[in-house]
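Student:
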Amino acid sequence: MKTVSNIKVLRNYLAEERLQNKHIGFVPTMGALHEGHLSLVKRCLEENDVCVVSIFVNPTQFNDKNDLEAYPRTPEADADLLEAAGCHYLFVPSVEEMYPEPDTRVFDFGNIGRVMEGAHRPGHFNGVAQIVSKLFDAVEARRAYFGEKDFQQIAVVREMARQLGYATEIVACPILREADGLAMSSRNRRLDSKQRRKAPLIAKILKESLRLVPQMSVQEVKDFVIDTLNNEPLLCVEYFEIVDGQTLMPVNHWDQTASPTGCIAVFCGQVRLIDNIMYT
Ligand code: PAF
């Protein structure tokens with residue numbers, strides 16, 4: 020595995036790979052890697068000749084400075100995991116490399132960018148689009164891999180790729196879960212032992228809510244999920260929305276869309292966790 024921190028150096032390596040007709044796959048990450056990330060790397064290796072993984076904790080997508088500072092960073096362990104997984108290029112740029120000058124671009128993704136995470140983390144998706152477009156420019160991958168835990172992020176990245184005309188195919192990969200159902204996330208490391216025991220309730224209650232459909236109305240299912248989780252002392256629901264899986268518009272009746280999807284953000288103590296479930 021080659022570790023590269025400079026965009027030009029990376030581009031030169033990848034240009035050589037392309038000259039040999041190699042297909043390049045890309046997995047953008049913010050590090051603190053877990054099995055979920057490694058499943059993206061595995062899929063990338065299966066479907067491409069060359070696998071590039073980036074690790075960059077992107078400051079422009081954090082609307083909360085404390086969250087940026089607290090974001091887990093485990094560079095040595097990450098490099099070991101990627102080497103063992105068979106990754107070919109690890110791209111680890113500095114903030115100066117990615118943002119030699121402030122990125123002033125403002126994106127508009129319509130409803131997709133405005134609801135849920137967009138409403139609760141102002142500027143977050145603009146920052147995601149800024150960094151993902153810069154990374155796409157550097158890697159020029161044939162395919163890029165994203166985890167479905169960040170369901171809305173995938174919709175935003177697809178829309179960004181459409182607006183900017185990227186040829187990179189966006190591949191959505193299933194959520195990986197711990198044995199107790201908790202969606203794998205780098206943020207799980209910040210849970211203390213009490214919180215870690217409570218956090219799997221999020222996935223458990225989402226799963227239980229599947230049994231209520233279609234007998235209960237959309238509103239009743241939303242109330243069930245929100246009220247049950249908020250009754251737990253360590254949990255506080257920030258939002259739970261049931262939306263159309265494509266447009267992310269709110270769903271009021273189950274037969275309104277072929278892909279009703281429940282998206283949730285919950286504070287477990289100070290740690291903000293997200294998850295989602297498809298009601299089909
Ligand atoms: O999902 C993430 O880890 C980040 O949002 C991403 C896509 C790497 C952009 O910084």
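In the numbering used here, the protein residues as written are 20 to 299.
Just so it is clear, CB atoms sit at the ideal spot from N, CA and C, and this is done for glycine as well.
Values in this document were obtained by computation on a predicted structure and should not be read as measured data.
Quick one: what's got a C-beta closer than 7 Å to Gln149's C-beta in the same chain, skipping five residues either side?
Tutor: Along the sequence shown, read from residue 1 onward, the residue named residue 149 stands at position 130. The residues are Thr79, Asp122, Arg124.
Student: Cβ of Cys70 within 7 Å of Cβ of His107?
Tutor: Indexing the sequence shown from 1 puts residue 70 at position 51. Indexing the sequence shown from 1 puts residue 107 at position 88. Taking the C-beta atoms as reference points, His107 is found nearer than 7 Å to Cys70.
Student: By how many angstroms is the C-alpha of Leu229 removed from the C-alpha of Ile296?
Tutor: In the sequence shown, counting from the first residue as 1, residue 296 sits at position 277. In the sequence shown, counting from the first residue as 1, residue 229 sits at position 210. Going by the C-alpha atoms only, they are around 8 Å apart.
Student: Run the CB neighbour count on Asn207, radius 10 Å, all protein chains shown included, and call it buried at 16 or more, exposed below.
Tutor: Indexing the sequence shown from 1 puts residue 207 at position 188. Label assigned to Asn207: buried.
Student: How is the alpha helix (DSSP H) around Gly132 delimited, first residue to last?
Tutor: To locate residue 132, count along the sequence shown from 1; it is residue 113. From DSSP, the alpha helix (DSSP H) with Gly132 extends over 130-133.
Student: For the alpha helix (DSSP H) that contains Val28, what are its first and last residues?
Tutor: Your numbering for residue 28 matches position 9 in the sequence shown. That run of the alpha helix (DSSP H) goes 26-38.
Student: Quick check on DSSP: helix, strand or coil for Gly44?
Tutor: One-based indexing of the sequence shown puts residue 44 at position 25. Correct three-state label for Gly44: strand.
Student: Quick check on Glu35: buried or exposed, where buried means 16 or more other Cβ atoms within 10 Å of its Cβ?
Tutor: Position 16 of the sequence shown, counting from 1, holds the residue named residue 35. The residue in question, Glu35, is exposed, as its Cβ has fewer than 16 Cβ neighbours within 10 Å.
Student: Assign Met179 to buried or exposed, taking buried as 16 or more other Cβ atoms, counted over all protein chains shown, within 10 Å of its Cβ.
Tutor: In the sequence shown, residue 179 corresponds to position 160, counting from 1. Buried, by the Cβ-count rule.
Student: Of all the options Ala222, Gly146, Val232, which has the alpha carbon lying nearest to the alpha carbon of Leu254?
Tutor: Here residue 254 refers to the residue found at position 235 of the sequence shown. Ranking the options by Cα distance to Leu254, first place goes to Ala222.
Student: Flag Val147 as yes when its Cβ comes closer than 6 Å to any non-hydrogen atom of the ligand PAF, and as no otherwise.
Tutor: Your numbering for residue 147 matches position 128 in the sequence shown. Checking the Cβ of Val147 against the ligand PAF gives yes.
Student: When a residue counts only if its C-beta is closer than 6 Å to some heavy atom of the ligand PAF, which residues count, in chain order?
Tutor: Pro47, Thr48, Met49, Asn77, Gln80, Val147, Ile150, Val151, Asp169, Gln172
Student: From the DSSP output, which residues share a beta bridge with Tyr298?
Tutor: Counting from 1 along the sequence shown, the entry for residue 298 is found at position 279. None; Tyr298 has no bridge partner.
Student: Assign Glu115 to one of two classes, buried (16 or more other C-beta atoms within 10 Å of its C-beta) or exposed (fewer than that).
Tutor: As a working note, residue 115 is residue 96 in the sequence shown. Exposed, by the Cβ-count rule.
Student: Please state the DSSP three-state secondary structure of Ser152.
Tutor: Residue numbering aside, residue 152 sits at position 133 when the sequence shown is read from its first letter. In this structure, DSSP gives Ser152 a helical state, which the three-state scheme calls helix.
Student: Out of Glu239, Ser24, Val111, point me to the one whose CA is closest to Gly281's CA.
Tutor: By 1-based counting over the sequence shown, the position of residue 281 is 262. Nearest of Glu239, Ser24, Val111 to Gly281, Cα basis: Glu239.
Student: Assuming Ala186 is part of the alpha helix (DSSP H), what are its boundary residues?
Tutor: By 1-based counting over the sequence shown, the position of residue 186 is 167. From DSSP, Ala186 is part of no alpha helix (DSSP H); its letter is neither H nor E.
Student: Give every residue of the same chain whose Cβ lies closer than 6 Å to the Cβ of Leu195, excluding the five residues on either side of it in the sequence, and list them in chain order.
Tutor: Here residue 195 refers to the residue found at position 176 of the sequence shown. Contacts found: Glu54, Gly55, Ser58, Met203.
Student: Any idea which residues DSSP pairs Ala202 with across the strands?
Tutor: Counting from one through the sequence shown, the residue named residue 202 turns up at place 183. DSSP, once it has assigned bridges, lists Arg196 as partnering Ala202.
Student: Is it buried or exposed, Gly184, if we count other Cβ atoms within 10 angstroms and call 16 or more buried?
Tutor: Residue 184 sits at position 165 when you count from the first residue of the sequence shown. Exposed, because fewer than 16 other Cβ atoms sit within 10 Å of the Cβ of Gly184.
Student: Could you check how far apart the C-beta atoms of Ile261 and Val237 are, in whole angstroms? I think they sit under 8 Å.
Tutor: As a position in the sequence shown, residue 261 is number 242, starting the count at 1. As a position in the sequence shown, residue 237 is number 218, starting the count at 1. With a Cβ gap of about 5 Å, Ile261 and Val237 count as contacting.
Student: Just how far apart, CA to CA, sit Asp274 and Thr266?
Tutor: Locating residue 274 in the sequence shown gives position 255, where the first residue counts as 1. Locating residue 266 in the sequence shown gives position 247, where the first residue counts as 1. Cα-Cα distance, rounded: 15 Å.
Student: Can you give me the start and stop residues for the beta strand (DSSP E) that Glu54 sits inside?
Tutor: One-based indexing of the sequence shown puts residue 54 at position 35. No beta strand (DSSP E) holds Glu54; the alpha helix (DSSP H) holding it covers 54-66.
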